[in-house]
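Below is one structure, written out as structure tokens; the observations come after it.
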Amino acid sequence: MTNILVVEDEKNQALLYRNELSAEGYSVSVARDGREAVTMAKLNPPDLLVLDINMPGMDGIEAMGKILGENNRIPIVINTAYSSFKDNFMTWSADAYIVKSADLTELKKAIKEILEKRKAQ
Amino acid sequence: MKLVELYPARKEVISNIQRIISSSLNLKDIYASVVNELKKVMAFDRVSISIPIEGDNQAITFVASVTSTINVLEEGKPYPLKGSLLERILLTGEPIIVEDTKSGSHSTNGLFYKAGIRSRLGYPLKVRGRVIGSINFSSMEPNHFSTTQFPLLEEICPQLAMLTENTLLFEKVTLSEERYKNLYNNARLAEEQLRQEKEKLDYVVDVLGIGLCLMDRGMNILWANANLPKVWGLTELPKGARCRDVFQCTEAYCPVARALESAEGRYREIKTLVRDGRRRYIENTAIPLQDEKGEMGRVLVLSRDITQREKRLRQLSLLRELGQALHKTLNIEKLLNLILTSVTAGQALAFNRAFLFLVDEEKGSVYGKAAVGPSSGEEAARVWQDVSQRYPTLEELLKEVMEREPLDSPLNVKTRLLVYPLNKEEEIVVRCVKEMRSQVVKEAATDPRVTREFREFLGSKEFVCVPLVVKGGAVGVIIADNPYSMEPITDDHVHLLNIFAGQAALAMENAETYKSLEEKIEQLRETQERLCRSERLVAMGEISTYIAHEIRNPLVTIGGFARSIEKTKPEEEDVATAARIIVEEVSRLEKILGNIKDFSKPQEPRKVRVDINTLLEDTCCLTEGYLRERGINLIKNFSPGLPPTFLDPAQIKQVLLNLVKNAVESMEEGGTLTVQSIREEQYIRTDISDTGQGMAPEVMEKIFTPFFTTKTSGTGVGLVVSHKIVDDHDGKLRVSSVQGRGSTFSMLLPITE
Ligand SMILES: Nc1ncnc2c1ncn2[C@@H]1O[C@H](COP(=O)(O)OP(=O)(O)OP(=O)(O)O)[C@@H](O)[C@H]1O
Ligand SMILES: [Mg+2]
Chain S
1225 MTNILVVEDE KNQALLYRNE LSAEGYSVSV ARDGREAVTM AKLNPPDLLV
1275 LDINMPGMDG IEAMGKILGE NNRIPIVINT AYSSFKDNFM TWSADAYIVK
1325 SADLTELKKA IKEILEKRKA Q
Chain F
32 MKLVELYPAR KEVISNIQRI ISSSLNLKDI YASVVNELKK VMAFDRVSIS
82 IPIEGDNQAI TFVASVTSTI NVLEEGKPYP LKGSLLERIL LTGEPIIVED
132 TKSGSHSTNG LFYKAGIRSR LGYPLKVRGR VIGSINFSSM EPNHFSTTQF
182 PLLEEICPQL AMLTENTLLF EKVTLSEERY KNLYNNARLA EEQLRQEKEK
232 LDYVVDVLGI GLCLMDRGMN ILWANANLPK VWGLTELPKG ARCRDVFQCT
282 EAYCPVARAL ESAEGRYREI KTLVRDGRRR YIENTAIPLQ DEKGEMGRVL
332 VLSRDITQRE KRLRQLSLLR ELGQALHKTL NIEKLLNLIL TSVTAGQALA
382 FNRAFLFLVD EEKGSVYGKA AVGPSSGEEA ARVWQDVSQR YPTLEELLKE
432 VMEREPLDSP LNVKTRLLVY PLNKEEEIVV RCVKEMRSQV VKEAATDPRV
482 TREFREFLGS KEFVCVPLVV KGGAVGVIIA DNPYSMEPIT DDHVHLLNIF
532 AGQAALAMEN AETYKSLEEK IEQLRETQER LCRSERLVAM GEISTYIAHE
582 IRNPLVTIGG FARSIEKTKP EEEDVATAAR IIVEEVSRLE KILGNIKDFS
632 KPQEPRKVRV DINTLLEDTC CLTEGYLRER GINLIKNFSP GLPPTFLDPA
682 QIKQVLLNLV KNAVESMEEG GTLTVQSIRE EQYIRTDISD TGQGMAPEVM
732 EKIFTPFFTT KTSGTGVGLV VSHKIVDDHD GKLRVSSVQG RGSTFSMLLP
782 ITE
């Protein structure tokens, strides 16, 4: 089963992702912050990482750097409330950049596409 | 990545720089303060502004850093442009980073390397898309600069560029003023030389043309040379003539008597007499001499006809007077009128008529600009009589000309119809421009330089054509003639007119420079306003970042779960409805957030060729139902045949909708909405007028401030976004409003080829 690691500090939102992505047939684990994400990814490398960027501390970016440093084959989807930094972060080798929305269609679509592309390789 | 921490600092820096720039017009002071501000958000060791020298392959460091002691490329000292950083920037219009002067490819790098500078950043200073120079930063460390500095510079450089350009322009004006003064000084110098010459002549008895006579104490003429009767206009010297028979002295003052009394020194007088209807000036000098007995019993009298010289002196002082008058106005239309009046005024150059032609470089033609003079002999007699009575002095006449609007005489109208292409060299006007030499025509009917057309236009036998020359190029031509008095045009006249034309051309150039200076100041004001707004937008960017984070996140959770509930297809209808409402409301809120994002990170307009009237028609169509519902009457008033413009139809439609929405919201009781399109110079103007409640001045002041609203359900972003869009189109948004009567919002979009 495809394993997705969601990094999200807001408890309720994390629950939403867990429910919705599980319903899509993925196995979902949640990390509450960057440090936890790094440890979890090391113990059990996920097939895909969904990452929130917390602008003030930017720990999402740091986490991404660390995880990619360990295993640069894990695809990453940035899912964030900040729309205006898209251009900056796209260059940081994320596979997709999604502005958070209550409508998860776009997020799900991006995950599916990336995984399919990986499988084809 | 220090982007986030820099936000507030950058905002403060921009606002400080804005204040500094509006505080004075001295570039050096401003520049020093701007550099100090920049240091807060950018690290560097040296900064300078470089500009190319016109028509020369050199550049000049205009202002070197005031805050650093590194001495390289001395301020004000030209250096070769070739291969320099500035040359590249001029060529590409793009910023350049030199990572290491040790290996960089620009000619100036070696110099910098020697001075301890390792890396450099040059950023273009552009005025209306044209690079006028660059601002250059340097650092002692290699690889010091990066593109992350560009957004900040992009914000500040247009202002600095405008300011630099203005300073250069000011210098240009001062320079031509200086040249102006020199011209006066030259005239004064010539006058002074003449005076000295006159002085010298008083001592040297130059027999040629000078009447000499020797008198005794009894004022009997003992001897006279042949010149004396000629000078005094007598056919012969009567035998035994006495002093007063020739010299027409007054009893009270006789230089001869004076000379005899004091028995030393010289006495001089100038006599005016009228001969053959012309005024003549005669200068008498009496010099006491010793007689045979060794007493001062004789007087030698020298008489000279100084009419010519007197005239030249008078002309010189006239030229000075005219020059000063021309200097009094910077309004080009008034100046041209003044020039023509000077050529025709009886107290000045006294031609019967004067015509002015100007060169239009762009169109490659010379065209008739204005003319002064009567249309017939009778009119001439009447007008001259009238003018000399009403304005006894030149000063009074010129003053009147300055205050009065020029009259449109038939001659003026006729002149304005003339246009000659610059390649039509057989036309004397064109030839005069090309050769930059005056052309004197004595016999228009047979002179090969005069075409039939021109001869018929002018209708006079004799005329003169002088060029208006500045900086080695002719900007126009003055033509003058005397068809009514028939007075011949002498070399003297031509000479005088030529000198005057030189003054006139300089004054014209001055006025033109001033005009463009005024335009520049206007541009500066606009840039300043724009900067003010960008300051607000930075503030807004911060707010939107905050909103995005604080609101978007909970919205995701709320809406997301509502969607989950919806998907489970709940049995109870109440639950399904509630979930649907939540989903709808959340997506509405998310859309608003999307809008706010739009102006913190603006989208480039995608411009296409559009007929504005079609766009207006479309927009009106969209709103017709909405208007009818609210009892609002729509009047469309579109000017036909407007040129197409380049614009982003979606964005402009958004602006129109925002304006219409505001207009409708101001007419709660219904009213009339007028949509009008019209050409205004190089813009197409669209007016949206309502008959609504209008705005109080305090409201009007704030309507472009983000989130300002007077409405309970408003968000206060409609006009901010509209303004931004119009700005991105290089257009303008204007407002006028009368409280209780209504408002008009005008959108001006530039017409582009
Ligand atoms: N045609 C008008 N007549 C009178 N007042 C106006 C007009 N247009 C704008 N205003 C004033 O300018 C304010 C700001 O307008 P703006 O369109 O930016 O925001 P808004 O209309 O209040 O909200 P929204 O963002 O929903 O459009 C308005 O609240 C109103 O006070
Ligand atoms: Mg509005």
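Sequence lines, in order, name chains S and F.
So that you can map any letter, position 16 of the first sequence is 1240 in our numbering, and since no number is skipped, the others follow by simple counting.
So that you can map any letter, position 202 of the second sequence is 233 in our numbering, and since no number is skipped, the others follow by simple counting.
For each residue, glycine too, the CB sits at the ideal point set by N, CA and C.
Only a predicted model underlies this, so the values are computations on that prediction, with no experimental measurement involved.
Closer than 7 Å, CB to CB, is residue i near chain S or not?
i	result
Gly147 (chain F)	no
Arg637 (chain F)	no
Arg619 (chain F)	no
Asn668 (chain F)	no
Asn88 (chain F)	no
Asn584 (chain F)	yes
Could you check whether residue j and residue i sit closer than 7 Å to each other, using their CB atoms as the reference points?
i	j	result
Leu665 (chain F)	Leu658 (chain F)	yes
Thr775 (chain F)	Ser708 (chain F)	no
Val464 (chain F)	Ala401 (chain F)	no
Arg640 (chain F)	Phe677 (chain F)	yes
Gly701 (chain F)	Gly662 (chain F)	yes
Pro519 (chain F)	Asn383 (chain F)	no
Ile510 (chain F)	Phe494 (chain F)	yes
Ala290 (chain F)	Ala317 (chain F)	yes
Val397 (chain F)	Val460 (chain F)	yes
Val525 (chain F)	Ser469 (chain F)	yes
Ile128 (chain F)	Arg119 (chain F)	no
Leu1229 (chain S)	Ser1246 (chain S)	no
Asn529 (chain F)	Val497 (chain F)	yes
Arg642 (chain F)	Pro675 (chain F)	Residue identity differs from the one stated: residue 642 (chain F) is Asp in this sequence, not Arg. Yes; because the gap between Cβ atoms is below 7 Å, this pair is in contact.
Cys331 (chain F)	Leu320 (chain F)	Residue identity differs from the one stated: residue 331 (chain F) is Leu in this sequence, not Cys. Yes.
Leu245 (chain F)	Arg335 (chain F)	no
Thr446 (chain F)	Phe531 (chain F)	no
Leu586 (chain F)	Ala1238 (chain S)	no
Arg583 (chain F)	Leu548 (chain F)	no
Quick one: which chain F residues come within Cβ less than 8 Å of residue i?
i	result
Glu1337 (chain S)	Residues of chain F passing the Cβ test: none, with the nearest at roughly 21 Å.
Glu1244 (chain S)	Gly591, Ser595
Considering only residues of the same chain and omitting the five flanking positions on each side of residue i, which have a CB-CB separation below 6 Å?
i	result
Leu117 (chain F)	Ser81, Ala90, Ser165
Ala694 (chain F)	Leu704, Ile719, Asp721
Glu196 (chain F)	Val158, Ile163
Anything in chain S within Cβ reach of residue i, meaning under 9 Å, just list it in chain order.
i	result
Thr599 (chain F)	Neighbours of Thr599 (chain F) on chain S: none; closest Cβ ~10 Å, over 9 Å.
Opposite residue i in the DSSP bridges: which residues?
i	result
Tyr422 (chain F)	Paired residues: none, contrary to the question.
Asn664 (chain F)	F:Thr703
Glu711 (chain F)	F:Tyr714
Trp263 (chain F)	Note: Trp263 (chain F) sits in no beta bridge, so no partner.
Might you give, ordered along the chain, the residues of its own chain that have their beta carbon closer than 8 Å to the beta carbon of residue i, omitting 5 neighbours on each side?
i	result
Tyr714 (chain F)	Gly762, Lys763, Leu779, Leu780, Pro781, Ile782
Ile1298 (chain S)	Ala1265, Pro1269, Pro1270, Asp1271, Leu1272, Leu1273, Ile1291, Leu1292
Glu300 (chain F)	Tyr284, Pro286, Glu314, Asn315
Pro441 (chain F)	Ser406
Leu184 (chain F)	Pro126, Tyr154, Ile166
Glu540 (chain F)	Ser207, Val501, Lys502, Val506
Of all Cβ atoms in chain F, is any one closer than 7 Å to the Cβ of residue i?
i	result
Gln1191 (chain S)	Any question about residue 1191 (chain S) goes unanswered here, given that chain S covers just 1225 to 1345.
Glu1260 (chain S)	no
Note down, in chain order, each residue of its chain lying with its Cβ closer than 7 Å to the Cβ of residue i, except the 5 sequence neighbours on either side.
i	result
Leu369 (chain F)	Ala356, Leu357, Thr360, Leu429, Val432, Met433
Ile1300 (chain S)	Leu1273, Leu1275, Met1288, Ala1318, Asp1319
Pro452 (chain F)	Gly395, Ser396
Ala538 (chain F)	Leu357, His358, Leu366
By the criterion of Cβ-Cβ separation under 8 Å, what are the contact partners of residue i in chain S?
i	result
Val587 (chain F)	Gln1237, Leu1240, Ala1305, Lys1324, Ser1325, Ala1326
Arg611 (chain F)	Result: empty, since nearest Cβ-Cβ is about 13 Å, beyond 8 Å.
Which residues in chain F have a C-beta closer than 9 Å to the C-beta of residue i? List them in chain order.
i	result
Glu1234 (chain S)	Asn584, Pro585, Val587, Thr588
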